[in-house]
Every structure is written in structure tokens, then in C-alpha cells.
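Below is one structure, written out as C-alpha cells, with a few remarks after it.
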Amino acid sequence: MIADRLGAHLYKFPAELYIIMCVRTVFFIPAGPSNLGMQTTLSENMEDDMERVSLAKELSSTTYPGRGIVIGRTKDGKKAVTAYFIMGRSENSRNRVFVEDGEGIRTQAFDPSKLEDPSLIIYAPVRVLGNKTIVTNGDQTDTIYELMDKQQTFEQALRTREFEPDAPNYTPRISGIMHIDNGEFNYAMSILKSNNGNPDACNRYTFAYSAPVAGEGHFIHTYMGDGNPLPSFEGEPTWVDIEGDIDEFTDMVWENLNEDNKVSLFVRYIDIATGEYESRIVNKNK
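If you're matching positions, the sequence shown starts at 1310 in this note's numbering and goes up one per residue.
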């Protein structure tokens, strides 16, 4: 079988897709009778050939990771964790704050008189749909929310979107979804990116984590670092440590983001047993 030859792990998603995950690669295989025999049992983590790293070191290793999503589980195993941050180089990008919006958040201009083009900077990064928490770097949050509310899957919703039209960067759209049900927690991450800077092709990758381990998580961001054009994120989401309570974790993330470029940070801890959550927002503009 293909899966055996690749030494890969196969995840079955609702509806139409089987997803084979192996190191650095995600293969999408249409579901159907001819592919049903390809389903295998997950016996090892896809991180087997990766090393877990300090999130603090990962954040501080570059001046401009852009926008980033972290999802994981606390060391005691009791809380699901997510963080979302934004950074900016231009005055327009830096002129933002996070504000609460229902069970989620939205971005808004700190000084409305200085707002130029709102199309890619004003959006709702976090929304909650029942027992699902959606976290993204753009208005695809609304796409995921609306289509999942119509019984489509995370992947189906993102099939309707592509990377951002901000040539020459073609900023990737990164998305995450957390699902908590009956004391169980799982999550997935996605990135939609141009084909090595070619805007005529969109590469789509989804990474699913069905049994998150206590004290561990994953970090995905838009850029590998500063540059012109900005280099898109490459590879799998980085396997990172998740440490501390919500205030310690929030402080750690904020302190390790580049002082000149960081703009706002959102952190949420969700009790896996009850679904109750607490959140923190940090804005550079005050």
C-alpha cells in the first residue's frame, strides 16, 4: 500500500478526504471505495523525526514571523491552549488593537484617522462555534464559521479560499480549529500558500492532531523572517513546549516577540472537562 511504502500516517476526515501525513508532506487522497483499504492505524506521532523546541526561543529567533498561531495542551493536561499574535512593519499594520467581540475577538484601528486600507488588517481572528474555537490570520475565520455551521468541514471551508492577494508577498492564510467534546480535545492547523511565489497555484496543507500530549503544542506563522518579498512559512507547524499558567504563558509569548514589530496578542485557556475558558489580550497601542 502507498501508506506503507511512505511510512506515513493516515487520518480519515469527515466527508470527502483522506489525508496522509508524513514528514514535511501532506497528501490529499479523495475518499472512495478504491481508497478505503488505505486506512491505517496511527501508531507513532508524526513528530518522530522532529525535535520539540522552546516556544520562547522559536519566537525570539526571528524579528518578523508575521502573524502566528499556537495551539496545544497545558502540562497538567487539563487545559487546551491557543495564542494568536499580529506584527507589523508599516504604520497601517501597526495601527491596530485586539478587542473582545462576543466569545471571540476582532482587530480594529487604534487611531481611526490613520487607517488606510482595512481589507487585510481588519477582521475577526477568533470565533466560537459551539464546542469549536476557530483561530485564523484573516477573514477566513468567517468562512470557516459560516460553512461549518452549514455542516461542511474545516477543509471544505478552506477550499473556497486562497493566500492573500498582497503581491509580491502572497501572504499565507493560516488557520487553526480546536474541538472539545465530552472531555476530549483535538485540533487541526492549515496553511494556504502560493506555489513558491507563483500566484497561479495555491498549495493547501492541513495538519491534524487527534491526541494532543500534555505540555506540547504546535506553532505556525506566516513568514520565515523578514525580507522583500517576505518568505512564506515552510514545512510542518513547529513542535513546541507549552508551559505555565495563562498569565505566565501570555507574558512569555509577548516578551519574546520582537519589540519593534509586535502589535497585539490574544491567549485563551479552555478547561477540557467543562469547556469554560479564560482569555488575555495584550496590545502595544494603549
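Ideal placement from N, C-alpha and C gives every residue a C-beta, glycine not left out. Small disclaimer: the values here were computed from a predicted structure and weren't measured.
Whole beta strand (DSSP E) runs in the stretch 1435-1460 with 3 or more residues, listed along the chain? 1435-1438, 1441-1445
Identify the continuous alpha helix (DSSP H) that holds D1556 and give its terminal residues. Counting from one through the sequence shown, the residue named residue 1556 turns up at place 247. The continuous alpha helix (DSSP H) containing D1556 extends over residues 1555-1565.
Where do the N-terminal and C-terminal ends of the beta strand (DSSP E) with R1403 fall, by residue? Here residue 1403 refers to the residue found at position 94 when the sequence shown is read from its first residue. No beta strand (DSSP E) contains R1403, which is instead part of the alpha helix (DSSP H) from 1400-1403.
Should T1583 be labelled buried (16 or more other beta-carbon atoms within 10 Å of its own) or exposed? Counted from its first residue, the sequence shown places residue 1583 at position 274. Flag for T1583 reads exposed.
With L1368 as the anchor, note down where its alpha helix (DSSP H) starts and where it stops. Locating residue 1368 in the sequence shown gives position 59, counting from the first residue. Start and end: 1364-1369.
Out of V1576, G1439, C1511, state which residue places its alpha-carbon closest to the alpha-carbon of R1470. Translated into positions along the sequence shown, residue 1470 becomes position 161. The shortest C-alpha separation from R1470 is found at C1511.
Mapping DSSP to helix, strand and coil, what is N1344? Translated into the one-based positions of the sequence shown, residue 1344 becomes position 35. Per-residue confidence for N1344 stands at a pLDDT of 34, beneath the threshold of 50, marking its modelled position as unreliable; no derived number is given.
Using a Cβ-Cβ cutoff of less than 8 Å, which residues in the same chain neighbour K1387 once the five nearest sequence positions on both sides are dropped? Along the sequence shown, read from residue 1 onward, the residue named residue 1387 stands at position 78. Answer for K1387: D1580, I1581, A1582, listed in chain order.
Cβ-based burial, K1423 [other Cβ within 10 Å; buried from 16]: On the sequence shown, position 114 is the one that residue 1423 refers to. Within 10 angstroms of the beta-carbon of K1423 lie fewer than 16 other beta-carbons, which makes it exposed.
Does the stretch 1375-1382 come into contact with the stretch 1541-1558, if we say contact requires no fewer than three beta-carbon pairs (one atom in each stretch) closer than 8 Å? yes
At the level of alpha carbons, what is the spacing between D1458 and Q1449? Here residue 1458 corresponds to residue number 149 of the sequence shown, with the count starting at 1. Here residue 1449 corresponds to residue number 140 of the sequence shown, with the count starting at 1. Rounded to the nearest angstrom, the two C-alpha atoms are 14 Å apart.
Can you give me the C-alpha to C-alpha distance between D1400 and T1416, rounded to a whole angstrom? Residue 1400 sits at position 91 when you count from the first residue of the sequence shown. Residue 1416 sits at position 107 when you count from the first residue of the sequence shown. Looking at the sequence itself, residue 1400 is Glu, so the reference to Asp does not match. The alpha-carbon atoms of E1400 and T1416 are separated by roughly 15 Å.
For P1427 and T1391, I'd like the C-alpha separation in whole angstroms. Position 118 of the sequence shown, counting from 1, holds the residue named residue 1427. Position 82 of the sequence shown, counting from 1, holds the residue named residue 1391. Using only the alpha carbons, I get a separation of about 25 Å.
Closest to L1429 by CA distance: which of I1486, D1535, Q1460, M1396 is it? Position 120 of the sequence shown holds residue 1429. For L1429, the nearest C-alpha among the options comes from M1396.
Selected residue, minimal CA-CA separation from E1409, among I1500, F1528, Y1432, A1476: As a working note, residue 1409 is residue 100 in the sequence shown. When only C-alpha atoms are compared, the closest one is Y1432.
Three or more C-beta pairs below 8 Å linking the stretch 1434-1446 and the stretch 1482-1501: yes
Helix, strand or coil for L1539? Go by DSSP, reduced to three states. The residue labelled residue 1539 in the question sits at position 230 within the sequence shown. In the structure shown, L1539 sits in coil (DSSP, three-state: anything other than H, G, I, E or B).
Would you decide whether S1370 is buried or exposed? Buried here means 16 or more other CB atoms lie within 10 Å of its CB. Translated into the one-based positions of the sequence shown, residue 1370 becomes position 61. With fewer than 16 other Cβ atoms within 10 Å, it is exposed.
Do the stretch 1513-1520 and the stretch 1497-1504 meet, that is, are 3 or more Cβ pairs less than 8 Å apart? yes
Quick one: measure Cβ to Cβ for M1498 and H1530, integer angstroms, because I've assumed they're closer than 8 Å. Mapped onto the sequence shown, residue 1498 falls at position 189. Mapped onto the sequence shown, residue 1530 falls at position 221. About 11 Å separates the Cβ atoms of M1498 and H1530, ruling out a contact at the 8 Å cut-off.
Measure the C-alpha to C-alpha separation of T1350 and R1398 and round it to an integer number of angstroms. For the purposes of this step, residue 1350 is identified with residue 41 of the sequence shown, where counting begins at 1. For the purposes of this step, residue 1398 is identified with residue 89 of the sequence shown, where counting begins at 1. For T1350, the pLDDT reaches just 30, beneath the cut-off of 50, and the residue's location in the model is therefore unreliable, leaving the point undetermined.
Report the three-state DSSP secondary structure of K1593 (helix, strand or coil). For the purposes of this step, residue 1593 is taken as residue 284 along the sequence shown, with counting starting at 1. If DSSP states are grouped into helix, strand and coil, K1593 belongs with coil.
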